[in-house]
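One structure is given below, encoded as structure tokens.
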Amino acid sequence: MTQIETDLKNLEATARTAIAASNNLEEVEGLRVQYLGKKGQLSQILREMGKLGGDDKPRIGALANQVKENLQALLEGQKETLANAEIKAQLSRETIDVTLPGVGRAAGRVHPLNSTVDRIIDIFVGLGYTIATGPQIETDYYNFEALNIPPDHPARDMQDTFFLPDGRLLRTHTSPVQIRYMESHEPPIRIVAPGRVYRRDTVDATHSAVFHQVEILAIDKNITFTDLKGTIKEFLKQMFGEDLAVKFRASYFPFTEPSAEVDVQWRGKWLEVMGCGMVDPNVLKAVGYDPNVYTGFAAGFGVERFAMVLHEIDDIRRCYSNDLRFLKQF
Ligand code: DAH
Numbered sequence: 184m185t186q187i188e189t190d191l192k193n194l195e196a197t198a199r200t201a202i203a204a205s206n207n208l209e210e211v212e213g214l215r216v217q218y219l220g221k222k223g224q225l226s227q228i229l230r231e232m233g234k235l236g237g238d239d240k241p242r243i244g245a246l247a248n249q250v251k252e253n254l255q256a257l258l259e260g261q262k263e264t265l266a267n268a269e270i271k272a273q274l275s276r277e278t279i280d281v282t283l284p285g286v287g288r289a290a291g292r293v294h295p296l297n298s299t300v301d302r303i304i305d306i307f308v309g310l311g312y313t314i315a316t317g318p319q320i321e322t323d324y325y326n327f328e329a330l331n332i333p334p335d336h337p338a339r340d341m342q343d344t345f346f347l348p349d350g351r352l353l354r355t356h357t358s359p360v361q362i363r364y365m366e367s368h369e370p371p372i373r374i375v376a377p378g379r380v381y382r383r384d385t386v387d388a389t390h391s392a393v394f395h396q397v398e399i400l401a402i403d404k405n406i407t408f409t410d411l412k413g414t415i416k417e418f419l420k421q422m423f424g425e426d427l428a429v430k431f432r433a434s435y436f437p438f439t440e441p442s443a444e445v446d447v448q449w450r451g452k453w454l455e456v457m458g459c460g461m462v463d464p465n466v467l468k469a470v471g472y473d474p475n476v477y478t479g480f481a482a483g484f485g486v487e488r489f490a491m492v493l494h495e496i497d498d499i500r501r502c503y504s505n506d507l508r509f510l511k512q513f
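Position in the sequence shown counted from 1, then plus 183, gives you our numbering.
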């Protein structure tokens with residue numbers, strides 16, 4: 184055996200041990216350069232080949248190639264092993280223990296007044312109504328006059344009003360939305376209008392100076408009181424549950440004729456839940472509709488009233504006090 188062959192075999196043996204002992208990819212790359220690189224140990228040995236006689240050259244050339252291939256394969260294999268081990272280690276580092284206790288986050292919830300409005304609106308949207316809104320600061324015209332309540336009409340006493348210095352006022356009901364909507368739309372109309380309203384009431388368990396109403400209005404040809412009754416009954420049925428006794432009581436509102444108040448029997452008691460009626464011809468005239476062509480019905484009800492009844496809330500003031508002990512119950 185020539186010296187070169189011995190050197191080649193020794194080189195392969197040392198390289199094998201070194202590659203097997205390498206711990207990371209940089210080390211493997213370092214070994215590749217050290218043994219197989221341009222200025223590496225294998226190249227250095229092969230430089231000696233020039234001095235060889237012709238007989239030995241093919242044999243030693245074949246051995247040199249063999250050593251090179253063996254080492255290349257070993258380096259590749261080691262690279263793969265180390266890369267796999269790295270992935271495995273990373274995966275186990277990043278393992279999440281799903282049984283550890285989590286970080287608690289308090290969930291917010293919908294205020295009972297908002298959830299009540301949402302429920303009411305959902306029912307009317309289901310019946311084909313569109314949502315409409317109007318401003319909380321109103322003019323006397325929209326809040327009263329256009330609704331058939333002239334300046335000195337005694338019906339103004341029903342709604343004690345907050346006036347602003349400039350003569351405008353805080354709307355006392357959502358009925359002005361009827362006028363605004365009719366002024367800017369042609370029949371047929373079906374709207375549901377939720378909103379905040381204001382009255383100069385002394386605050387107690389059942390009264391608040393600020394509260395919420397929902398108004399509904401339907402205008403079309405041939406709308407009758409039967410349509411009003413059917414709509415209200417369907418709404419109340421969906422709101423309170425199936426077997427509900429509903430009573431229409433004759434009443435008075437300046438903007439409807441005839442007018443009614445509606446009571447429902449709930450948990451053994453009659454509860455007054457809303458005012459309603461056929462839209463007064465004067466109201467239709469005020470917005471330029473011909474009362475001989477169009478008729479319609481309207482209704483208005485208090486959101487707090489519904490929320491208090493449905494959730495058995497004993498005092499309206501709880502709705503505005505932001506007491507978490509109360510709010511967390513919903
Ligand atoms: N606006 C009335 C109020 O606040 C409620 C009302 C009664 C509205 C009859 C209506 C209605 O649309 O037809 O007391």
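Every residue, glycine too, gets a C-beta built ideally from N, C-alpha and C.
With respect to the C-alpha of residue 349, the residue from 392, 322 and 332 having the closest C-alpha is 322.
With respect to the C-alpha of residue 380, the residue from 315, 454, 372 and 345 having the closest C-alpha is 345. Rounded to whole angstroms, the separation of the alpha carbons of residue 262 and residue 272 is 15 Å.
In the DSSP assignment, residue 446 is bridged to 430 and 455. A distance below 7 Å between beta-carbons, with the five flanking residues on each side excluded, links residue 231 to the following residues of its chain, in chain order: 187. At least one heavy atom of the ligand DAH falls within 6 Å of the beta-carbon of residue 358. Annotation: residue 446 to residue 401 spans about 21 Å, alpha carbon to alpha carbon. Residue 461 has 480 as its beta-bridge partners, per DSSP. If you check the CB distance, residue 439 and residue 422 do not come in under 7 Å. For residue 195, the CB contacts under 8 Å within the same chain, skipping 5 residues up- and downstream, are 250, 253 and 254 in chain order. The three-state secondary structure of residue 436, taken from DSSP, is strand. Straight-line spacing of the CA atoms in residue 342 and residue 358 works out to 12 Å. Using a 10 angstroms sphere on the CB of residue 372, the tally of other CB atoms reaches 16 or more, which defines it as buried.
Excluding sequence positions up to five before and after residue 353, its CB lies within less than 7 Å of the CB of 319, 320, 345 and 381, all in the same chain and listed in chain order. Set against 6 Å, the gap from the CB of residue 436 to the closest heavy atom of the ligand DAH is smaller. Residue 481 and residue 304 have their alpha carbons spaced roughly 15 Å apart. Looking from the CA of residue 265, the closest CA among 224, 315 and 212 belongs to 212. Per the C-alpha coordinates, the member of 443, 449 and 405 positioned closest to residue 420 is 449. Closest in alpha carbon position to residue 407, among 307, 477 and 325, is 477. In this structure, residue 457 places its C-beta atom within 7 Å of the C-beta atom of residue 484. Fewer than three Cβ pairs drawn from the segment 214-222 and the segment 267-283 lie within less than 8 Å of each other, which leaves the two stretches out of contact. In this structure, the straight-line span from the alpha carbon of residue 246 to that of residue 279 is close to 52 Å. Remark: the shortest separation between the CB of residue 502 and any heavy atom of the ligand DAH does not fall under 6 Å. Using a Cβ distance threshold of 7 Å, residue 470 and residue 331 do not count as a contacting pair.
Residue 377 counts as buried, since no fewer than 16 other beta carbons sit within 10 angstroms of its beta carbon.
In this structure, residue 416 lies near residue 429, with their beta-carbon atoms less than 7 Å apart. The beta-bridge partner set that DSSP reports for residue 247 is empty. Under the three-state reduction of DSSP, residue 371 is assigned to coil, being neither helix nor strand.
Per DSSP, residue 238 is not a residue of any alpha helix (DSSP H), being assigned neither H nor E. One alpha carbon belongs to residue 392, the other to residue 414, and they sit about 30 Å apart. At a threshold of 6 Å, residue 490 does not count as near the ligand DAH, since its beta carbon sits no closer than that to any of the ligand's heavy atoms. Taking 8 Å as the upper bound for CB-CB distance, residue 270 and residue 312 are not in contact here, some 60 Å apart.
Here residue 390 is actually not in contact with residue 300; their C-beta atoms are around 19 Å apart, not less than 8 Å.
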